[in-house]
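**Student:** First the structure, which I've put down as structure tokens, then a few questions once you've had a look.
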Amino acid sequence: MSEQVLSDNPTVLPEVTPKDDHAQSSLARDAWNDMRRNPIFLISATIVIIMLIMAAWPALFAGLFGSGDPRQCDLATSNNGPAPGHPFGFDTQGCDVYANVVHGASASISVGLLVTLFCFILAVILGSLSGFFGGWYDAVISRISDVFFGFPFLLGALILLTSFSERSIWTVSFVLALLGWPTLARLMRSTVKSVVDVDYVLAARGLGASNWRIITRHILPNAVTPVIVLSTLNIGAFIVAEATLTFLGVGLQYPAISWGLQLSAAQSLFTVSPHLLIFPSLFLGITVLSFVLLGDVVRDAFDPKLR
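Start counting at 1 in the sequence shown, then tack on 678, and there's your number in the numbering used here.
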């Protein structure tokens, strides 16, 4: 659509929609076709789904091979190895390690998902405002993000969490999200800037569309995909961050059950009771690796440069 048509006869123009809507749907369809033929995607997605179901309904999985109750303990079995009905053995308190590992998935994965969700929401809102309006919006948001970039992630989280007397899933998630949003916001800002001056956005402005409609109808659908992909990659990193902080003693607290708490309790007993460290580490490693591999496959599938 030419500038001459817009200036001479603007009243006969239909409502403008992004001209690349079909291209976007075609990209998503092609990406899905590529991913479902990728064995890495199938394996990682299957493991992620299993872990998500286990985190949502831990009692269902805990009762499959063990007692099912992570708080049913007997000091007479303290630190004992695997036994019938207790495939992972017992911890220092005589509790079933398998039940604790299964129930620990809820807290660890919940933190990873909550932090990712909080960071995504903040990044979309602040990155869109910064990239679309520019000016003082961009200056203020960029300087705020620079301040947070100045804090090392784990060190900043450690300092902030020590100021809380009680550290729950929500507290840890809030602190990690507070320090983790700037990278996504910068990415969102750059993608918004790359589409804010394209033809269909300029045409929508010429037709009198409101800023809200331009952002939600034309900008976000064409700018948010890279942020979604990076968020998928970040889930595993945030799960590791929670486990690391809990291992250091500034993350989740008892009576919560998480993989980080189990690793922290087992660190001094590895030589005498290695099962206390091996099984939580195994579940943590498999979960994080699955999220990372899934994010890699999604990133490659949606990257136009690789198509």
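Every residue, glycine too, gets a C-beta built ideally from N, C-alpha and C.
Who are F768's beta bridge partners in DSSP?
**Tutor:** The partner list for F768 (beta bridge, DSSP) reads D774.
**Student:** Can you round the beta-carbon distance between R867 and S808 to whole angstroms, since I take them to be within the 8 angstroms contact cut?
**Tutor:** R867 to S808, Cβ: 5 angstroms. Contact.
**Student:** Please state whether DSSP places A761 in a helix, a strand or coil.
**Tutor:** If DSSP states are grouped into helix, strand and coil, A761 belongs with the strands.
**Student:** With a Cβ-Cβ cutoff of 8 angstroms, do C797 and N912 count as a contact?
**Tutor:** Cβ atoms of C797 and N912: closer than 8 angstroms.
**Student:** Mind checking D752: buried by the 16 CB within 10 Å criterion, or exposed?
**Tutor:** Label assigned to D752: exposed.
**Student:** For the candidate residues F826, H781, A740 and L804, whose alpha-carbon lies nearest to that of G763?
**Tutor:** Checking every option, the nearest Cα to that of G763 belongs to A740.
**Student:** Considering only the beta carbon of each residue, do G914 and V970 sit closer than 8 angstroms?
**Tutor:** Yes, they are a contact pair.
**Student:** Do you know whose CA, among G973, I892, G927 and V874, lies nearest S846's CA?
**Tutor:** For S846, the nearest C-alpha among the options comes from G927.
**Student:** Hey, quick one: how far does the alpha helix (DSSP H) through D974 stretch, first residue to last?
**Tutor:** H953 to F980 is the extent of the alpha helix (DSSP H) around D974.
**Student:** Determine contact between the stretch 775-786 and the stretch 827-839, defined as no fewer than three beta-carbon pairs at a distance below 8 angstroms.
**Tutor:** With a cut-off of 8 angstroms, the stretch 827-839 and the stretch 775-786 do not count as touching, because too few Cβ pairs lie within range.
**Student:** Of the choices S756, S888, I787 and L833, whose alpha-carbon is the least far from that of T910?
**Tutor:** The shortest C-alpha separation from T910 is found at I787.
**Student:** For V793 and A855, which I take to be in contact (beta-carbon distance under 8 angstroms), what is that distance rounded to the nearest angstrom?
**Tutor:** That pair is a contact at about 5 angstroms.
**Student:** Pop quiz: I906 and V870 are said to be a contact at Cβ under 8 angstroms. What is the actual Cβ separation, rounded to whole angstroms?
**Tutor:** About 14 angstroms; that fails the 8 angstroms criterion.
**Student:** Would you check if the distance between the CB atom of V873 and the CB atom of A901 is smaller than 8 angstroms?
**Tutor:** Result yes, Cβ atoms of V873 and A901 sit closer than 8 angstroms.
**Student:** What separation, rounded to the nearest whole angstrom, lies between the Cα atoms of F961 and A734?
**Tutor:** The alpha-carbon atoms of F961 and A734 are separated by roughly 16 angstroms.
**Student:** Could you tell me whether the Cβ atoms of S942 and F925 are closer together than 8 angstroms?
**Tutor:** Yes; because the gap between Cβ atoms is below 8 angstroms, this pair is in contact.
**Student:** Please go through the same chain and pick out, in chain order, the residues whose beta-carbon is closer than 7 angstroms to the beta-carbon of A785, but skip the five residues on each side of it.
**Tutor:** Here the set comprises I847, L930, A934, I935 and S936.
**Student:** Determine which residues share a DSSP beta bridge with C751 and list them.
**Tutor:** Partner(s): C773.
**Student:** From what residue to what residue does the alpha helix (DSSP H) around I913 run?
**Tutor:** From DSSP, the alpha helix (DSSP H) with I913 extends over T903 to F925.
**Student:** Please state whether DSSP places Y878 in a helix, a strand or coil.
**Tutor:** Here Y878 sits in helix by DSSP.
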